[in-house]
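These notes concern the structure reproduced below.
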Amino acid sequence: MITRVMKIVSSRWVLPISRPVIEDGSVVVADGRIVDIGERREILSKYPGTDEFRCPGTLLPGLINAHSHLELSHLRDIAAPLPHHTFTDWIAGLLARRSTDHTSREERLAAVFALLRDQHASGVVLVADTGNEYLVELGKAAEGWPEIRRMLEYLGPDRQGDEAARLAIEGLDGLVAITGHAPYSTGPELLQYIKGRCRQFKQIFSIHTAESNAELQFLHSRTGIFRDFLEKRNRWDDTFACLGENCSGTIDYYDRLGLLDDRTLMVHCVHVSVPELQLAAERGAHICLCPGSNRFLKVGTAPVTHMIEAGILPALGTDSYASNPSIDLWREMQLLADDHPDLPPEQILAMATLGGAQALHVEQDYGSIEPGRKGRLLHISSPALLQCRTATALIREVVTGGRPVETSWV
Ligand SMILES: [Zn+2]
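Here my numbering is used: the first residue of the sequence shown is 11, the next is one more, and so on.
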């Protein structure tokens with residue numbers, strides 16, 4: 011006879027995300043999966059004799075960091091741009107810093123591992139990581155780390171870059187997920203090629219999108235800071251087409267290239283229009299917001315309310331230390347609430363959990379406390395949280411209170 015390992019986890023508050031908050035709630039976990047959720051009284055009578063663990067605080071699903079660059083974890087000394095700096099000044103600074111970087115491989119890996127341990131300790135269950143380097147060490151799951159979804163990122167602004175990228179991609183195992191960098195650094199045909207491979211292997215195509223307003227000028231007329239940047243680096247040829255004013259923005263551009271579907275994750279989306287958001291929603295494409303990075307680079311704030319109105323629940327990401335002084339999803343929630351005071355806190359919490367799970371196609375495991383999901387429950391507590399008397403006050407504190415004093419996995 012197969013015996014099931016079953017336990018009941020009870021807490022003062024349970025935030026399932028996908029359904030209303032349960033006060034004095036319980037979650038039943040059997041063999042690593044959630045099998046039931048409800049009011050404690052009800053659950054205890056339904057599962058008599060089952061071991062119960064009682065937690066004093068709040069249970070919620072693990073947070074999902076839907077955009078990061080782990081390989082940049084040692085770059086904690088990049089200065090924020092000054093008012094006269096452009097977006098490409100920051101990119102040039104980052105590239106110069108990376109090309110003259112003497113940090114040893116061991117030190118760089120130590121910074122990545124420290125960040126992963128901290129992400130796990132803070133309540134992050136899964137990190138989506140985009141990088142230019144294949145860090146083989148990240149392929150093995152380690153105790154005390156979140157799960158990692160890695161994507162190897164390719165650029166190619168000219169014919170030479172396009173050919174080099176294709177050659178490198180052709181040599182990869184199908185299990186290695188790849189992605190494109192941005193519409194100003196990766197030519198249209200290479201983006202289509204990468205998306206085609208993502209479709210073939212059912213992988214997420216995550217791409218920086220409409221992060222700065224200079225992107226629109228580049229798409230319209232092939233002029234501006236991105237053109238200057240590529241010319242200065244001798245990477246300019248006729249790879250990028252001039253779209254003219256009839257292209258309404260980056261999302262529209264992606265749609266013309268056939269890049270939008272439910273496995274496309276557009277990161278940032280600061281400079282996007284309402285019709286573009288409606289188009290993204292129609293295609294089922296996802297969005298990841300990085301409010302901390304946007305604030306650091308002073309590129310503006312994403313039109314989150316318009317995204318919600320279009321029917322899109324964005325995900326949240328931290329980006330890396332190269333554009334964010336703190337890699338902390340609790341702070342991202344705080345900043346989003348600060349940037350958008352009218353945004354309901356429940357929606358912000360849903361972005362940090364369910365939004366990320368949907369965007370990365372892991373909602374069968376994570377993002378909500380529902381039967382069938384993995385039984386990895388996050389328990390949080392703090393003096394301020396313990397004082398909350400209503401679900402509304404509690405969720406507001408969860409979203410605006412920053413990283414809780416206590417976070418643990420149950
Ligand atoms: Zn990024």
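Don't be surprised by glycine CBs; every beta carbon is placed ideally from N, CA and C.
Here residue 221 carries a coil assignment [DSSP, helix/strand/coil]. For residue 164, the enclosing beta strand (DSSP E) covers residues 157-164.
For residue 194 and residue 62, the gap between their C-alpha atoms comes out near 55 angstroms.
For the region 277-307, the full-length alpha helix (DSSP H) segments reaching 4 residues or more read 284-293, 301-307 along the chain. Taking every protein chain shown into account, the CB of residue 289 has 16 or more other CB atoms within 10 angstroms, so this residue is buried.
For residue 242, the enclosing alpha helix (DSSP H) covers residues 235-242. Counting C-beta pairs with one atom in each stretch, the region 389-405 and the region 35-52 have fewer than three that are closer than 8 angstroms, which means they do not touch. When secondary structure is reduced to three states using DSSP, residue 316 falls in the helix class. Distances taken from the Cβ of residue 140 to the heavy atoms of ligand 1 include one shorter than 7 angstroms.
Judged by their CB atoms, residue 332 and residue 280 are not nearer to each other than the 8 angstroms cut-off.
Under the three-state reduction of DSSP output, residue 246 falls in the coil class, being neither helix nor strand.
The straight-line gap separating the alpha-carbon atoms of residue 38 and residue 44 is approximately 6 angstroms. Here residue 134 carries a strand assignment [DSSP, helix/strand/coil]. Secondary structure note for residue 208: it is in no beta strand (DSSP E), and the uninterrupted alpha helix (DSSP H) holding it is 198-210. Runs of the beta strand (DSSP E) lying entirely within the region 317-405 and spanning at least 3 residues, in chain order: 387-391.
Between residue 53 and residue 370, the C-beta spacing is not below 8 angstroms. Taking residue 308 as the centre and dropping the five residues before and after it, the same chain places the C-beta of 91 closer than 7 angstroms to its C-beta, in chain order. Here residue 352 is exposed: its Cβ has fewer than 16 other Cβ atoms, across all protein chains shown, within 10 Å. The alpha-carbon separation between residue 271 and residue 325 amounts to approximately 16 angstroms. Of all C-beta pairs linking the region 337-344 to the region 282-296, fewer than three are shorter than 8 angstroms, placing the two stretches out of contact.
Rounded to the nearest whole angstrom, the CA to CA distance from residue 304 to residue 414 is 24 angstroms.
Taking C-beta atoms as the reference points, residue 346 and residue 358 count as a pair closer than 8 angstroms.
Sequence-distant partners of residue 28 (beyond 5 residues in either direction) whose C-beta falls short of 7 angstroms from its own C-beta, in its chain, are 364, 378, 380. Collapsing the DSSP output to three states places residue 61 in a strand. In this structure the region 227-235 does not lie against the region 102-109, because fewer than three pairs of beta carbons, one per stretch, are closer than 8 angstroms.
A heavy atom of ligand 1 is found nearer than 7 angstroms to the CB of residue 277. Closest in alpha carbon position to residue 277, among 180, 213, 382, 301, is 301.
When distances are taken from the beta-carbon of residue 329 to the heavy atoms of ligand 1, the shortest one is below 7 angstroms. 8 angstroms or more divides the Cβ of residue 72 from the Cβ of residue 383. The beta carbon of residue 349 lies closer than 7 angstroms to those of 301, 311 in the same chain, with the five residues before and after it left out.
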